[in-house]
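Each remark here refers to the structure printed beneath this line.
Protein chains in written order, with our numbering: chain A, -11 to 383; chain B, -11 to 383.
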């Protein structure tokens, strides 16, 4: 019998993981994942991108690289930060990461000690909770309304607990709720956090996937004290399999982050980084993103309209203005985890909402993804879910 | 001022890191890195590999994948494990990692708690020490002779300390010494560890880069109790920039490892994994490795002969039968770190040996890499090093 570390002993199989494994069968209409629509991956362009990399850079493209990342990619990221997120930065302020997941993991490792506190929206992204768990922090769920975190409540929490080291937020098209913080709310949030010694993780993988809403300034663009770390990702605007994300942070954090990343994987794939950089240079990324937005907006609307048509009264859901997810709330007597086997019996799936709450509870929600399913399956899947909901509510 | 975790506070700039940064100038003949010879990277073949991936798999190749890794790559790895390392295993026993570095990091996280003990050869790979440091373990350097770890000494150490959770070894062409454990030593080692509740990390990135020595059975091939985790890498036989390694381990460890890796980066690049798998399927990896071995053997011999010619008496060095490194020992009055500025002034560089000892000391060694420098620069660099050594010894 292998002896494990005390944290590893807590890594048990979960019944939710077992349920989610069942959603991967091809006959299941799965709204459970967070996968982009593969039909928009620019495969034909990538054939040209790869050839160009081998022609222009040859062997350098596959040798060890620096931990900070490939400079031309960091330059492309700086342009995106300026144009999309209103942030002025230079390559030295950017580290390329092996997906945003790695950024979440490393930031918690360098910012938080065991039993110190992480604040999050309630609910929040389950993958972030998974990334932070190895530190074994306490979690405080900050009261959150339909405009995001409630600044007055956050202020009270920060004033009462000096072990809070990190606040994790997704201000645009939040995962799982799809909610976007209005500009006024962002300003109030920054006023609050500027009063405390705390670092904010602004996770923004969906900010460029927007439908009917103007661009809003990121928290990082309002950050005058170096308190915000911005986390970006190529997974939703480009291709997730390459595992490419980035952070923008103050020089102290960049320094510690790079040293820790060196221990974790030495650096992110040098070829993969070039694939993203060359695509930005050779093709029109903005046109590509527009196509993604058009398709997802159509699917979002179709899913919303289908829910209005097929879901029974008493079940509510969000109308996201961007991103990949909508969030469903059932009457409190229903539990999405318990209901899941019934849905799987009808070959339709979601993620039960409880796992998005670090401290548990809140079983009467579930998250739906609309980016990954073609239109006919969206309608059919929502119809089946509606049938289960009606049955359960009539009991 | 950002508040950091207690471990992050220990991540300081080191004077060695500053010195090593200087070795990257193009005018420096650097024997400091561990880089493969780029001239053998199969760039022309990779052009065909990438096109084949896009043609055959298209979008699947760049979508999210499983944390365990791409099955056809794990199948190729099982073949290598059988043919090269005499280990019978199946894909379920294998996890693909974002370089071996990630395997080192995650294994220490799941096996060791703070203040528990890790045993290593003395000296040992500095990158492994860096990977284990975040756990904040104690390190015991096990007495090591020219045949590897001394089993009787290891036995005494294991008997005396029940906080030992992990033994890290590189039995083939060790980094930094170049030493290979003979088969008798391997058997004795396994007899010792089988008496204790401890996990062995057998790190073998160089095992396929062998010159004048027969294949030897790996520790994992002698492991009857699931105590050995084998760590393999594509960095030295293929291309390091893709960041591809693997582990083979018992089912308990695989289970915890996968769960932890999910928190760390969700999974390794799906496209990168296919690049390695398709190369194995489409081209002759064995022929490719033979070319690497032929070139490195030539450089090894040239460096050895040059050292014999140019190094003064009293300076000794190993004659590695594989791998990328040779290890130089100077009289104890000399210190390789202090001598480094003098070498850099002559535009030649090595890694000072002290950093390969987790508990410090042993300043009178340095490590030389011979894989990355063309022949004329090897001779010239060793000549310059010889001049510095003569000067220092005559003081």
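Using N, Cα and C, we set each Cβ at its ideal position, and we do this for glycine too.
Between residue i and residue j, is the Cβ-Cβ spacing less than 8 Å?
i, j, result
"residue 159 (chain B)", "residue 207 (chain B)", "yes"
"residue 271 (chain B)", "residue 111 (chain B)", "no"
"residue 299 (chain B)", "residue 356 (chain B)", "no"
"residue 309 (chain B)", "residue 200 (chain B)", "yes"
"residue 346 (chain A)", "residue 117 (chain A)", "yes"
"residue 5 (chain B)", "residue 11 (chain B)", "no"
"residue 146 (chain A)", "residue 119 (chain A)", "no"
"residue 259 (chain A)", "residue 226 (chain A)", "no"
"residue 170 (chain A)", "residue 224 (chain A)", "no"
"residue 257 (chain A)", "residue 229 (chain B)", "yes"
"residue 250 (chain B)", "residue 57 (chain B)", "no"
"residue 35 (chain A)", "residue 39 (chain B)", "yes"
"residue 109 (chain B)", "residue 157 (chain B)", "yes"
"residue 187 (chain B)", "residue -10 (chain A)", "yes"
"residue 328 (chain B)", "residue 7 (chain B)", "yes"
Using a Cβ-Cβ cut-off of 8 Å (strictly less than) and excluding sequence neighbours within five positions of residue i, which residues of its own chain qualify?
i, result
"residue 103 (chain B)", "124, 125, 126 and 151"
"residue 161 (chain B)", "167, 168, 194, 195, 197, 198, 308, 309, 310, 311, 312 and 313"
"residue 319 (chain A)", "302, 303, 352 and 381"
"residue 348 (chain A)", "342"
Excluding sequence positions up to five away, which residues of its chain have a Cβ less than 6 Å from the Cβ of residue i?
i, result
"residue 210 (chain A)", "178"
"residue 142 (chain B)", "130 and 180"
"residue 237 (chain B)", "217"
"residue 304 (chain A)", "317"
"residue 114 (chain B)", "343 and 344"
"residue 367 (chain B)", "294"
"residue 231 (chain B)", "86 and 87"
"residue 122 (chain A)", "-5"
"residue 322 (chain B)", "352 and 380"
"residue 336 (chain A)", "17, 369, 372 and 373"
"residue 153 (chain A)", "99, 100 and 104"
Between the options, which lies nearest to residue i when the distance is taken from Cα to Cα?
i, options, result
"residue 269 (chain A)", "A:253, A:289, A:60 and A:148", "A:60"
"residue 172 (chain A)", "A:139, A:155 and A:191", "A:139"
"residue 339 (chain A)", "A:359, A:187, A:316 and A:196", "A:316"
"residue 41 (chain B)", "A:233, A:319, A:32 and A:133", "A:32"
"residue 264 (chain B)", "B:21, B:233 and B:241", "B:233"
"residue 358 (chain A)", "A:39, A:-9, A:230 and A:281", "A:281"
"residue 189 (chain B)", "B:-8, B:350 and B:235", "B:235"
"residue 334 (chain A)", "A:183, A:373, A:37 and A:319", "A:373"
"residue -7 (chain A)", "B:183, B:306, B:106 and B:15", "B:106"
"residue 289 (chain B)", "B:306, B:275 and B:278", "B:306"
"residue 15 (chain A)", "A:349, A:382, A:383 and A:332", "A:332"
"residue 144 (chain B)", "B:183, B:2 and B:22", "B:183"
"residue 149 (chain B)", "B:137, B:128 and B:213", "B:128"
Excluding the 5 residues preceding and the 5 following residue i in the sequence, name in chain order all residues of the same chain whose CB lies nearer than 7 Å to its CB.
i, result
"residue 354 (chain B)", "316, 324, 338, 339, 340 and 341"
"residue 77 (chain B)", "66, 69 and 236"
"residue 253 (chain B)", "86"
"residue 63 (chain B)", "79"
"residue 330 (chain A)", "376"
"residue 326 (chain B)", "none"
"residue 276 (chain B)", "30"
"residue 2 (chain A)", "none"
Is it true that the stretch 289 to 298 of chain B meets the stretch 282 to 295 of chain A, where meeting means three or more beta-carbon pairs spaced less than 8 Å apart? no
Determine, using beta-carbon pairs with one atom in the stretch 13 to 29 of chain A and one in the stretch 47 to 54 of chain A, whether at least three such pairs fall under 8 Å. no
Contact the stretch 189 to 199 of chain A vs the stretch 83 to 92 of chain A: 3+ CB pairs below 8 Å: yes
Would you mind listing the beta strand (DSSP E) stretches within the stretch -6 to 32 of chain A that are 3+ residues and don't spill past its ends, in chain order? none
Open item on the list: Beta carbons nearer than 7 Å to chain D: which residues of the stretch 124 to 137 of chain A have them?
Closed with: Although the question refers to chain D, the structure presented lacks it and instead comprises the protein chains A and B.
Practice item. Take every Cβ of the stretch 361 to 376 of chain A, pair it with every Cβ of the stretch 93 to 102 of chain B, and state whether three or more of those distances are shorter than 8 Å. Key: no
message = Whether or not the stretch 241 to 254 of chain A and the stretch 74 to 84 of chain B are in contact is what I'm after, with contact meaning three or more pairs of Cβ atoms, one per stretch, closer than 8 Å; do they touch?
response = no
Discussion item. In chain order, what are the residue ranges of uninterrupted beta strand (DSSP E) at least 3 long that sit wholly in the stretch 146 to 229 of chain A?
Written reply: 152 to 157, 187 to 191 and 216 to 221
Q.
Check whether the stretch 65 to 80 of chain B and the stretch 211 to 223 of chain B touch, using three or more Cβ-Cβ pairs below 8 Å as the test.
A. yes
- Query: Unbroken alpha helix (DSSP H) runs of length 4 or more, entirely within the stretch 309 to 362 of chain A: which are they?
  - Reply: 324 to 333
- Task: Let me know the alpha helix (DSSP H) ranges lying completely inside the stretch 67 to 114 of chain A, each 4 residues or longer, listed in chain order.
- Result: 87 to 99
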